[in-house]
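Some notes on the structure that comes next.
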Amino acid sequence: MTSYISLFLSSLLLVTILFLSIFAFKKKNKHGSKPSLPPSPPRLTIIGNLHQLGNLPHRSLQKLSKEYGPLMLMQLGSKPTVVISSAETAREVLKTHDLDFCSRPSLAGPKRLSYNFLDIAFVPYGEYWKEMRKICVLELFSAKKVQSFRFVREEEVAHMIKSISASSSSPVNLTEKLFSLKMNHICRVAFGKKNRGRDSDNENFHEMFIEAINLHGSFTATDFFPYFGWIIDVFTGHSRRLEKCFHAFDTFYQQVIDEHLDPQRTKPEQEDIIDVLIRLQNEQSGALNLTVSHIKSILKDIFLGGVDTGASTMVWGMTELARKPEVMKKVQEEIRNCVGNKGMLEESDIDNLEYFKMVVKETFRMHPPTIFLIPRECMNHCKINGYDIYPKTRVLVNVWAIGRSSEYWENPDEFIPERFINSSIDFKGQDFELLPFGSGRRICPAISMGTAMIELGLANLLYHFNWELPSKDDINMDEIAGLTVHKKIPLHLVPIPYNCK
């Protein structure tokens, strides 16, 4: 019996060696020579480098990049992933070889099945993406369209200021206030109305949204093991949560679309985003036949992508200013001298606030809306920094690490807006030291709309109130990672009304 087992094991070993030899020969023959792969940390069997991501992947990968370089190869489960941690390498990927890296990894497993509509942010590069991108750039987020929603932004900010003023100098949960500001802003822009409070299934809308953000920003086993990870996701209940949450959102989107299609509905003077999409659907212009599924996918990207990132950025901005009273005082003096006694800061005032714009840039540098750009996928074999990158390799650009690099920024962990004095660096995608919205073909199309609300919200908070800490203790800066990086503990500050009349 023992001899049979030995023979079986020997045969198995021989077949394995033969298979690996053939595979290595084919790979060498295909590429002409042994590939030159980027440096990589040691990996474990099956899981690869997954165990090295930790609870805060942006920090873990930054630490690893200091040892293995700004172009680092990680094996995340079955997915080879290149991590970019320098401006120069980001330029190579996002500009020089933009066409080679402009696709996205396809969603799989429960995340893919949970959508009854396609996810634009993750759709691979091709004609469908080009047509959807054209709609977003020309119809939804053009300069003219963004400007047309100015009254919405100003009304929502005014409502927030009024609600804070009613607190009678008691500590205010700014995290909650800013989240509600962005929620109501996006609801009015996209759906033509404020947050309803509850969806059709009588669940709390706010909780439903938080659940969607957590699920959308979390990793699933299927993300790393497409062929069998779904079993783990089903066992852990992740699949069921995804199905329940996104079914609720799908129902919600269908309801608001049906309301817009109701012939009894009074047509508003200003088209919201659903109005625009329904008009385009009726016109059926371009190569893409716009469907309800397309409309839902755009709404999902706007809603889940717009609320969380904008609110988080404003929270971090106020957090850093509260920790630097001298910076807060300086920017408040600039704002109040510019606005005077008008009683409300308007969008037209922001162009005159030079130091305030530096504060916004510094906030984007230290706390970008997304710590990693949405993963890209290599479409064609190319060389980056002398290393071979092959098709189907995922690419993660660690924007957070680039913004915290001492190679580009002096005292990178300090909030110093003055570093932008006489600096031409901006966040529009041309300066690779500062990439909060990405660059190239996949740059965020809603950059203007998102920035407009962040600037208006922050500027008015600083204009209308002086801010104090509730206690002498410093602000807790612990992070929790998801779709964005949030403060683990909500920001509470005491507003002292400023007499602006």
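Numbering (my numbering), first residue to last: 81 to 581.
Glycine included, C-beta positions come from ideal geometry on N, C-alpha and C.
All values derive from a computational prediction rather than experimental measurement.
Could you give the residue range of the alpha helix (DSSP H) that holds residue i?
{"i": "Cys325", "result": "318–341"}
{"i": "His131", "result": "Premise fails: His131 is in no alpha helix (DSSP H) and is neither H nor E."}
{"i": "Ala481", "result": "479–483"}
{"i": "Glu494", "result": "Glu494 -> no alpha helix (DSSP H), and no H or E assigned at all."}
{"i": "Leu360", "result": "353–363"}
{"i": "Ser377", "result": "372–403"}
{"i": "Phe304", "result": "301–304"}
{"i": "Ile430", "result": "427–430"}
Identify whether residue i lies in helix, strand or coil by the three-state DSSP scheme.
{"i": "Tyr148", "result": "helix"}
{"i": "Tyr435", "result": "helix"}
{"i": "Ser116", "result": "coil"}
{"i": "Val163", "result": "strand"}
{"i": "Ser158", "result": "coil"}
{"i": "Tyr467", "result": "strand"}
{"i": "Trp613", "result": "No information on residue 613 is available, as it lies outside the stretch 81 to 581 that the chain covers here."}
{"i": "Lys567", "result": "strand"}
{"i": "Arg123", "result": "coil"}
{"i": "Leu636", "result": "Coverage of the chain is limited to positions 81 through 581, which leaves residue 636 absent and any answer about it impossible."}
{"i": "Phe231", "result": "helix"}
{"i": "His572", "result": "strand"}
{"i": "Ser183", "result": "strand"}
{"i": "Glu541", "result": "The identity of residue 541 in the sequence shown is Leu, whereas the question assumes Glu. Leu541: helix per DSSP, three-state reduction."}
{"i": "Val475", "result": "strand"}
{"i": "Leu218", "result": "helix"}
{"i": "Pro577", "result": "strand"}
{"i": "Glu172", "result": "helix"}
{"i": "Leu536", "result": "helix"}
{"i": "Asn460", "result": "coil"}
{"i": "Leu153", "result": "strand"}
{"i": "Leu193", "result": "A caution first: Leu193 carries a pLDDT of 42, below 50, which makes its placement in the model unreliable, though a value can still be read off. Leu193: helix per DSSP, three-state reduction."}
{"i": "Ser86", "result": "With a pLDDT of only 44 at Ser86, under 50, the local geometry of the prediction cannot be trusted, and no value is derived from it."}
{"i": "Glu287", "result": "helix"}
{"i": "Glu442", "result": "helix"}
{"i": "Glu513", "result": "coil"}
Hey, out of the options, whose CA is closest to residue i's CA?
{"i": "Ile534", "options": "Lys324, Leu384, Val395", "result": "Val395"}
{"i": "Met288", "options": "Leu322, Thr255, Gly272, Val479", "result": "Leu322"}
{"i": "Ile266", "options": "Glu236, Val565, Glu413, Ile555", "result": "Glu236"}
{"i": "Ser228", "options": "Ala532, Lys242, Glu442, Gly483", "result": "Ala532"}
{"i": "Ser243", "options": "Lys257, Pro122, Val232", "result": "Lys257"}
{"i": "Val574", "options": "His374, Phe299, Ser373, Ile555", "result": "Ile555"}
{"i": "Pro550", "options": "Ile415, Val252, Gly509, Leu117", "result": "Val252"}
{"i": "Lys376", "options": "Asp338, Gly520, Pro455", "result": "Asp338"}
{"i": "Val226", "options": "Thr399, Ile353, Glu211, Leu360", "result": "Ile353"}
{"i": "Ala526", "options": "Lys214, Asp553, Leu538", "result": "Lys214"}
{"i": "Ser165", "options": "Leu156, Phe181, His138, Ser222", "result": "His138"}
{"i": "Cys524", "options": "Asn546, Ile501, Phe315, Gly390", "result": "Gly390"}
{"i": "Ala481", "options": "Gln350, Gly128, Lys143, Pro119", "result": "Lys143"}
{"i": "Val162", "options": "Met529, Asp429, Thr331, Lys472", "result": "Lys472"}
{"i": "Ile293", "options": "Gly385, Ile358, His374", "result": "Gly385"}
{"i": "Pro455", "options": "Gly530, Val439, Asn478", "result": "Asn478"}
{"i": "Arg184", "options": "Asp558, Arg171, Trp209", "result": "Trp209"}
{"i": "Leu360", "options": "Leu220, Val565, Tyr205", "result": "Leu220"}
{"i": "Ser145", "options": "Arg474, Ser120, Gln155", "result": "Ser120"}
{"i": "Tyr73", "options": "Ser319, Glu363, His374, Glu349", "result": "Lying before the first or after the last residue shown, residue 73 is absent from the chain, which here runs from 81 to 581."}
Measure the alpha-carbon distance for residue i versus residue j and round it to whole angstroms.
{"i": "Phe326", "j": "Glu406", "result": "45 Å"}
{"i": "Tyr517", "j": "Ile382", "result": "First, the residue type needs correcting, since residue 517 is Phe and not Tyr in the sequence shown. Answer to the nearest angstrom: the Cα atoms are 14 Å apart."}
{"i": "Tyr470", "j": "Leu151", "result": "14 Å"}
{"i": "Ile102", "j": "Pro115", "result": "Because the pLDDT of Ile102 is 45, which lies under 50, any placement of that residue in the model is unreliable, and the question is left without a value."}
{"i": "Leu476", "j": "Ser245", "result": "43 Å"}
{"i": "His177", "j": "Gly317", "result": "40 Å"}
{"i": "Asn491", "j": "Phe444", "result": "16 Å"}
{"i": "Thr300", "j": "Tyr307", "result": "13 Å"}
{"i": "Gly134", "j": "Gln344", "result": "53 Å"}
{"i": "Lys567", "j": "Ala561", "result": "9 Å"}
{"i": "Phe512", "j": "Glu442", "result": "15 Å"}
{"i": "Cys418", "j": "Tyr543", "result": "10 Å"}
{"i": "Thr393", "j": "Tyr148", "result": "30 Å"}
{"i": "Lys409", "j": "Glu494", "result": "17 Å"}
{"i": "Lys463", "j": "Thr169", "result": "11 Å"}
{"i": "Asn196", "j": "Asp303", "result": "Per-residue confidence for Asn196 stands at a pLDDT of 41, beneath the threshold of 50, marking its modelled position as unreliable; the derived number appears in the next sentence. So the alpha carbons of these two residues sit roughly 19 Å apart."}
{"i": "Arg416", "j": "Arg403", "result": "21 Å"}
{"i": "Glu606", "j": "Leu357", "result": "Residue 606 lies beyond the residue range present for the chain, which begins at 81 and ends at 581; the question has no answer from this structure."}
{"i": "Ser248", "j": "Met240", "result": "14 Å"}
{"i": "Val411", "j": "Ile311", "result": "53 Å"}
{"i": "Pro122", "j": "Tyr467", "result": "18 Å"}
{"i": "Asp355", "j": "Lys274", "result": "16 Å"}
{"i": "Leu563", "j": "Phe259", "result": "15 Å"}
{"i": "Arg521", "j": "Ile576", "result": "45 Å"}
Start and end of the beta strand (DSSP E) containing residue i?
{"i": "Ala561", "result": "559–561"}
>> Runs of 3 residues minimum, wholly inside the region 233–258: which ones carry the beta strand (DSSP E) assignment?
In response: none
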